[in-house]
Amino acid sequence: MLLKIENLHKTYYTSDKKINILQDLCLELEQNEIVSIFGASGSGKSTLLNIISGLLSYDSGKIFFEKKIFDSSFDFTSFRKNDIGIVFQENFLLNEFTVIENIMIPNIIKGIEKNIAHKNALNLLDKFELLSIKDIYPNSLSGGEKQRVSILRSIINNPKLLLADEPTGSIDESNKSKVFSLFKTISDDYNTSIIIMTHDNNVSKISNNILNLSKGTLK
Ligand SMILES: Nc1ncnc2c1ncn2[C@@H]1O[C@H](COP(=O)(O)OP(=O)(O)OP(=O)(O)O)[C@@H](O)[C@H]1O
Ligand SMILES: [Mg+2]
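Using my numbering, read the sequence shown as starting at 38 and increasing by one per residue.
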């Protein structure tokens, strides 16, 4: 088991009300497994993803990553640097840097030498047949290309867990299946586990498990 969530509760408070956004939510994720989570807008998909990535606090429940529990002794900095990759709806590529430079950035942040980071990014671009765009700036790419580049950036540190928040939400229909098949290849070739929050039915082809987030819990 790579990730286990037990009885998770999360409440948001606004000036006049209390929203129980996640209630008694449980989730298990094996190594190499792709789990897709559907849910209406506002159901709490991004909330759950931010909690799993250690960016957002929760009220109660237990989260285990490789049997280590999320508590005050858990090394969240190392977890975010080494163990997880995140893909957002918006690609958040840096327009001042070329495609290959964007992909290298997480390696550089981790302290890997620039020439090695460059080689790692080159290998990824080659494997996923995007070498032809390596020196292009993101502004000149199509939406689908941008998202595929952002996915390569998310895996350059070889994460065990990849989290994707509506990764096809901003791209055209013809590119959606390309993005999902990229996730499938990543899972198959690198044993990566993937959680995909989505509204997109194209995801069913690549998913081992499809869940629905409703009334704060997963079914
Ligand atoms: N910091 C906050 N304070 C109060 N309410 C919040 C806060 N963050 C999110 N919410 C509310 O919690 C609910 C769940 O938000 P969340 O972003 O997790 O939903 P979502 O399923 O990702 O939606 P979408 O599909 O639109 O991205 C929403 O109603 C949102 O307005
Ligand atoms: Mg969301």
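All C-beta atoms in this analysis are idealised placements derived from N, C-alpha and C, irrespective of residue type, glycine included.
Query, Result
"Using beta-carbon positions only, say whether G181 and I137 come within less than 7 Å of one another.", "no"
"Apply the 10 Å Cβ neighbour rule to M141 and answer buried if 16 or more other Cβ atoms are within range, or exposed otherwise.", "buried"
"Quick one: which unbroken alpha helix (DSSP H) runs of 4-plus residues sit fully inside the stretch 67-131? Chain order, please.", "82-89"
"Compare the beta carbon distance of S258 and N119 with 7 Å and say whether it is the shorter of the two.", "There is simply no residue 258 to check, as the chain begins at 38 and stops at 256 in what is shown."
"Just the Cα atoms here: how many angstroms apart are Q60 and N44?", "7 Å"
"At the level of alpha carbons, what is the spacing between F102 and K54?", "33 Å"
"At a threshold of 6 Å, does S83 count as lining ligand 2 (C-beta to nearest heavy atom)?", "yes"
"What did DSSP end up calling T254 once you bin it into helix, strand or coil?", "strand"
"Please classify G146 as buried or exposed, where buried requires at least 16 other C-beta atoms within 10 Å of its C-beta.", "The identity of residue 146 in the sequence shown is Ile, whereas the question assumes Gly. Flag for I146 reads exposed."
"Taking 6 Å as the cut-off, is the beta-carbon of Y174 closer than that to any non-hydrogen atom of ligand 1?", "no"
"Terminal residues of the continuous beta strand (DSSP E) containing E166?", "Counting along the chain, E166 falls outside any beta strand (DSSP E), and DSSP gives it neither H nor E."
"For the stretch 123-139 against the stretch 201-219, are there 3 or more C-beta pairs whose distance is under 8 Å?", "yes"
"Is the stretch 232-243 touching the stretch 73-80 in the sense that three or more CB pairs, one from each, lie closer than 8 Å?", "yes"
"Measure the C-alpha to C-alpha separation of N160 and L167 and round it to an integer number of angstroms.", "10 Å"
"Do H46 and D108 have their C-beta atoms closer together than 7 Å?", "no"
"Using 6 Å as the cut-off, classify the Cβ of I58 as near or not near the heavy atoms of ligand 1, replying yes or no.", "yes"
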